[in-house]
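Working notes, beginning with the structure itself.
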Amino acid sequence: NAGVTQTPKFRILKIGQSMTLQCAQDMNHNYMYWYRQDPGMGLKLIYYSVGAGITDKGEVPNGYNVSRSTTEDFPLRLELAAPSQTSVYFCASSYLRDSNNYGYTFGSGTRLTVV
Amino acid sequence: KQEVTQIPAALSVPEGENLVLNCSFTDSAIYNLQWFRQDPGKGLTSLLLIQSSQREQTSGRLNASLDKSSGRSTLYIAASQPGDSATYLCAVRYSNYQLIWGAGTKLIIKP
Chain A
1 NAGVTQTPKF RILKIGQSMT LQCAQDMNHN YMYWYRQDPG MGLKLIYYSV
51 GAGITDKGEV PNGYNVSRST TEDFPLRLEL AAPSQTSVYF CASSYLRDSN
101 NYGYTFGSGT RLTVV
Chain B
116 KQEVTQIPAA LSVPEGENLV LNCSFTDSAI YNLQWFRQDP GKGLTSLLLI
166 QSSQREQTSG RLNASLDKSS GRSTLYIAAS QPGDSATYLC AVRYSNYQLI
216 WGAGTKLIIK P
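Chains A and B are the protein sequences, given in the same order. Anchor point for the first sequence: position 56 equals 56 in our numbering, and the numbering is continuous, going up by one each time. Anchor point for the second sequence: position 57 equals 172 in our numbering, and the numbering is continuous, going up by one each time.
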């Protein structure tokens, strides 16, 4: 019963580098999300997906890309990393049926520093 | 604009006390409200989920209430323990994907 698994847990990038944050869930949840959490702030939604093959932008999508080729996986791609992308990134999933959301499950986060 | 506010930002109380954390939201047309716990360097753990039609939910020493008309929710923690020390986050769902978060209350329980 792994839940939501995120890798890596920590990463340091140089400005201009690219990387992919991995996220996988084994609960057959249809919705998946990527959030970022800056110090002292609430979480901000980057991208979300309502099912395989369907993704959409959240509040702060600039500088990021996502894909959802399977129900289980929802990777987040950072292109041309910038210091403003230094943050903690959380992946989450939820199950939605008949407009009822049965709550969110979060991964343990990826702490990213761009220098 | 939909906003979620949590007051206080930090709270320190002696072990054994009962305490209340507050969450307020500007738009009362919510789907549900969820309380999470976040430990330093770790992910978020869901504590309680209250649907818009419900008034409260209980789990062990935790009780969460919801008053949509006043735009408020409270998380009541009974008989606090040092292990309760964490940041508590409130999140309000307004649509299938939109979850608006408060900035959290950092709780310290002193032994």
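Virtual Cβ for every residue (Gly too), placed ideally from N, Cα, C. Since we're looking at a predicted model, the values are computed, not measured.
Proximity of chain A to Val119 (chain B) at the Cβ level (cut-off 8 Å) is accounted for by Gly42, in chain order.
The beta-carbon of Leu159 (chain B) is placed less than 7 Å from the nearest beta-carbon of chain A. Ranked by how close their Cα comes to the Cα of Met32 (chain A), the residues A:Leu43, A:Val88, A:Val4 have A:Val4 in first place.
Linking Gln121 (chain B) to Asn30 (chain A) through their CA atoms gives a straight-line distance of about 30 Å. For Ser69 (chain A) against Thr55 (chain A), the beta-carbon gap comes to about 10 Å, at or over 8 Å, which does not count as contact. Annotation for Ser174 (chain B): Leu162, Leu163 place their beta carbon closer than 8 Å to its own, counting only its chain and skipping 5 residues before and after. Here Gly219 (chain B) is buried, its C-beta having at least 16 other C-beta atoms within 10 Å.
At a Cβ-Cβ threshold of 7 Å, Phe151 (chain B) and Leu222 (chain B) do not count as neighbours. Residue burial annotation: Leu80 (chain A) is exposed, with fewer than 16 other C-beta atoms found within 10 angstroms of its C-beta. If one requires a minimum length of 3 residues, the beta strand (DSSP E) runs lying completely within the region 126-176 of chain B are 134-140, 147-153, 159-166, 171-174, in chain order. Residue B:Ile215 holds the alpha-carbon nearest to the alpha-carbon of Val207 (chain B) among B:Ile215, B:Ser200, B:Ala201.
Residue contact check for Tyr47 (chain A) against chain B: no CB pair falls below 7 Å.
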